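Everything below concerns the one structure shown next.
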Amino acid sequence: MLDRAFAESRIAELRRLIEKHRRLYYEENAPEISDHEYDLLEKELRELESLYPELKRGPSPTDVVGGGISKGFAPVAHPVPLLSLENAFEENELREWVSRVAKFTGAEQFSMVGELKFDGLSVALFYERGKLVKAATRGDGLVGEDVTANVMRIKDVPKEISKGSSDLVIRGEIYMPLKEFREFNEQREEAGLEVFANPRNAASGSLRQLDPKVTASRPLSLFCYQVMKCSDELPGSHWERLQAMDEWGLPVDGLNKLLATPEELTDFCRKMVGRRKDLPYDADGVVAKVDSISLQEKAGSTAKAPRWAVAFKFPPEQARTKVNEIVVQVGRTGALTPVANLEPVHIGGVTVSRVSLHNEEELKRKDVRPGDTVLIERAGGVIPYLVRVFAEERIPGNREFRFPESCPVCGSGVHKPEGEVILRCSNRNCKAQLKESIRHFASRDAMDITGLGKVLIEKLVENGLLGSIGDIYSLNQEKLEPLGRMGVKSAANLVAEIDKSRARGYEKLLYALGIRMVGEETARDLVSQFPSIEALSTADEKELTEVDGVGPKVAAEIIEFFKTPDNLKLIDALKKAGLKMHGDKKEAGPLSGLVFVLTGTLQGFTRTEAKEKLLAFGAKVGSTVTADTDFVIAGEESGSKLKKAEKLGKRILSEEEFRRVLGGEISALNETESRKHGI
Ligand code: IVH
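The number in our numbering is simply the position in the sequence shown, starting from 1, with 47 added.
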């Protein structure tokens with residue numbers, strides 16, 4: 048038995064720690080410990096509180112669900128509390144749960160549903176007669192935050208469902224898929240912004256934004272997993288309800304499974320542990336739910352969690368290892384990134400030998416030193432990250448890492464642009480930047496030059512064969528063959544690949560050039576508005592920001608790029624090498640020559656869908672209403688753009704009219720004109 052006095056002080060300490068880490072997790076989206084470590088703190092507190100019930104004075108964090116409510120969002124009272132789940136860490140705890148359910152319900156055998164426990168942010172979605180009318184975060188389970196304006200802007204959240212006969216409250220999880228999370232973080236890193244530690248923080252940080260436009264620009268998705276309330280009669284089993292949600296048009300995970308026995312449940316959990324690393328989204332466990340709703344009702348709930356469900360938590364994908372050294376890498380845009388080289392360690396099926404420490408501030412905050420023992424985590428398919436240092440095990444003499452005051456590659460000065468956390472090398476001709484720019488140019492999503500990888504680029508630059516991106520197109524077999532182990536065949540293959548890349552096209556080239564803040568999506572938008580690199584290179588801020596998705600910051604980067612003599616020289620060299628610098632002449636469409644601007648929320652289309660449809664019809668899509676705008680398509684909650692359009696006497700299309708135009712009724716455009724004149 049534990050010493051009572053010790054238990055008392057440990058309980059106090061655990062409460063303090065749990066509260067602190069909850070705040071970091073829920074309110075600041077910046078956790079300092081891993082989820083598993085947090086779970087262990089809660090588990091320890093719960094165990095101590097049950098050993099010494101008399102020490103459980105006042106409200107304990109073990110009774111509280113989730114996070115709180117931030118200022119800036121209106122409170123929403125949940126019509127049905129959004130409860131949390133009890134955790135099971137071992138298979139035997141899962142079996143104990145099954146026995147408990149049997150005891151509470153009196154049922155000897157019952158079916159269950161196995162679902163993944165999506166690692167995102169829990170939301171309640173309110174649909175009235177088929178239309179999404181409100182969305183709220185979980186908050187403390189009883190009162191959440193009103194995030195309607197933000198959720199309305201998320202493409203994957205249906206604004207309309209086919210279940211129009213009743214009013215519904217649906218519970219689901221907003222999450223950021225892994226591929227999107229990686230790209231999003233890369234873009235942030237490149238722009239000098241702080242990166243998110245994991246997809247869950249990214250989802251939470253993206254949804255709880257005061258400006259819905261920010262949410263709209265983030266790649267968020269949704270899975271629905273519970274009908275909380277419905278004014279109609281519903282099927283009597285959870286499994287059928289999941290299927291009903293799917294039929295109504297709500298996104299439901301395809302991996303959900305109906306399970307007849309406890310053995311099938313254990314089997315499902317084991318399978319999911321194995322599949323975890325291949326999932327396109329992050330999941331931190333399996334949720335087991337009793338299938339029959341009447342049995343669920345019999346089992347009931349505690350104040351915190353239903354008895355008819357349990358979360359089987361995946362074992363943590365973490366490992367301890369040693370930091371061998373810390374190096375500072377220089378990226379394509381000159382960003383100095385500290386990286387810890389580790390004693391290789393196996394985590395979740397892969398060997399991890401290095402981990403990014405992102406920037407100087409992060410390195411200082413975590414106080415990582417060469418020689419330290421550290422905890423590395425690799426959740427799902429996410430890039431590994433350093434959870435913490437075991438400072439208590441530090442060997443005396445492990446010295447603090449001193450961040451270089453000059454570029455570690457070329458020795459030039461470094462600077463930190465205002466508002467950024469990243470230091471950058473000031474020398475545009477820095478070899479590290481050159482190598483990384485070539486790597487980006489040749490990468491799969493850009494010019495896709497197979498064979499031109501990191502090692503070869505390193506050699507070519509060091510041997511003076513590549514002094515700029517343009518030199519790629521003067522490489523030939525004679526130059527390549529003498530290089531190290533490059534055989535005749537691989538040299539010929541590479542030359543052929545380089546040759547093929549000449550035809551990759553304007554859009555890929557624009558992305559490949561590596562203009563800061565111009566990712567694939569922005570490159571696509573720019574190409575749709577500017578028919579050639581030449582046209583783009585002379586565009587001013589006004590013209591650029593008229594492109595949907597281009598704000599003043601991106602416009603400034605584009606202008607800066609085309610002002611730089613080295614870049615103009617590069618474009619010239621690429622033109623001479625025969626690369627395509629313009630788009631294909633677009634077939635004239637029914638909307639050719641017309642400029643549209645989208646505003647507000649459309650019910651039947653996401654912003655991207657509407658834009659793509661317009662482009663396919665030959666129209667141009669602008670981001671702001673200007674003298675050149677022909678039509679404004681106004682959805683719900685259209686704000687300043689609609690006002691400006693009215694002021695400028697622009698023709699305004701409703702969603703219905705837009706739909707008719709897309710259906711081939713181009714004459715609907717003329718009706719709009721008549722309406723404008725008040726006929
Ligand atoms: S069911 C009363 N199902 O896990 C029903 N929750 O603490 C309780 N979660 O924040 C929730 N995937 O947001 C349920 N398939 C799933 C889930 C799921 C993720 C989250 C939920 C909650 C946490 C439980």
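Beta carbons: idealized from backbone N, C-alpha and C, even for Gly.
This one's a predicted model, so the numbers in the text were calculated from it and none came from an experiment.
> For the ligand IVH, is there a heavy atom less than 7 Å away from the beta-carbon of E89?
Replying inline: no
>> Here's a check: name, in chain order, each residue in its chain whose Cβ is nearer than 7 Å to the Cβ of I208, leaving out the five neighbours to either side.
In response: Y174, G177, W295, G296 and L297
> Would the C-beta of L267 count as close to the ligand IVH, meaning under 7 Å from any of its heavy atoms?
Replying inline: no
> Thinking just about the alpha-carbon of each residue, which of D166, G647, D587 and Q273 is nearest to the one in S608?
Replying inline: Contrary to the premise, residue 608 reads as Phe rather than Ser in this sequence. Checked all of D166, G647, D587 and Q273; the closest Cα to F608 is D587.
> With contact counted as at least three CB pairs below 8 Å, one residue from each stretch, are the stretch 589-608 and the stretch 537-550 in contact?
Replying inline: no
>> Would you say the beta carbon of Q343 is closer than 7 Å to some non-hydrogen atom of the ligand IVH?
In response: no
>> Can you find the residues in the same chain that come closer than 6 Å, C-beta to C-beta, to K723, ignoring five residues on each side of it along the sequence?
In response: Low per-residue confidence applies at K723: pLDDT is 47, beneath 50, and the placement is therefore not dependable enough to give any value.
>> Is L190 a contact residue of the ligand IVH, with contact defined as CB to any heavy atom under 7 Å?
In response: The sequence given here places Val at residue 190; Leu does not occur at that position. False, no ligand heavy atom lies under 7 Å from that Cβ.
>> Using 8 Å for Cβ pairs, my map puts F664 next to G710. What's the rounded Cβ distance?
In response: Wrong, their Cβ atoms sit about 11 Å apart, outside the cutoff.
> Residues bridged to V642 by DSSP?
Replying inline: K667
>> Quick check on H285: buried or exposed, where buried means 16 or more other Cβ atoms within 10 Å of its Cβ?
In response: buried
> CB of R185 to nearest heavy atom of the ligand IVH: below 7 Å?
Replying inline: yes
> So, G418 versus V377, is the Cβ gap smaller than 8 Å?
Replying inline: no
> Are three or more beta carbon pairs between the stretch 134-143 and the stretch 186-204 nearer than 8 Å?
Replying inline: no
>> I need the DSSP call for C454, collapsed to helix, strand or coil.
In response: coil
> Given a threshold of 16 other Cβ atoms within 10 Å of its Cβ, counted over all protein chains shown, does N510 qualify as buried or as exposed?
Replying inline: exposed
> Using 8 Å as the threshold, is the stretch 304-311 in touch with the stretch 157-170, meaning 3 or more CB pairs across them?
Replying inline: yes
>> Assuming contact is defined by CB atoms lying nearer than 8 Å, are V429 and P246 in contact in what I supplied?
In response: yes
>> I'd like the list of long-range same chain contacts for F315, defined as Cβ closer than 7 Å, with 5 residues on each side in sequence excluded.
In response: G161, K304, L306 and V333
>> the ligand IVH and K318: does the residue's C-beta get closer than 7 Å to at least one heavy atom of that ligand?
In response: no
> Can you tell me whether DSSP reads L481 as helix, strand or coil?
Replying inline: helix
> Which partner residues of F678 appear in the DSSP bridge assignment?
Replying inline: F643 and R698
> Does the ligand IVH have a heavy atom nearer than 7 Å to the CB of K164?
Replying inline: yes
> Considering only residues of the stretch 483-566, which uninterrupted alpha helix (DSSP H) runs meet the minimum length of 4 residues and lie entirely inside it, listed in chain order?
Replying inline: 501-509, 524-527, 535-548 and 553-559
> Which of helix, strand or coil does DSSP assign to D187?
Replying inline: coil
>> If distances are taken between C-alpha atoms only, which option among G321, L383, L557 and R93 comes closest to D492?
In response: L557
> Does K610 come within less than 8 Å of chain C when only Cβ atoms are used?
Replying inline: Absence of chain C from the displayed structure is noted, only one protein chain being present.
> Helix, strand or coil for Q376 per DSSP?
Replying inline: strand
> Expressed to the nearest angstrom, what Euclidean distance is found between the alpha-carbon atoms of E702 and F652?
Replying inline: 9 Å
>> I need the straight-line Cα distance from H83 to V123, nearest angstrom please.
In response: 30 Å
>> Within 10 Å of its beta-carbon, does P362 have 16 or more other beta-carbons around it, so buried, or fewer, so exposed?
In response: exposed
> Using the C-alpha atoms, what's the distance from A263 back to R70?
Replying inline: 25 Å
>> Rounded to whole angstroms, what is the Cα-Cα separation between E440 and T420?
In response: 7 Å
> Considering only C-alpha positions, which residue in the set F448, M223 and L342 is nearest to S268?
Replying inline: M223
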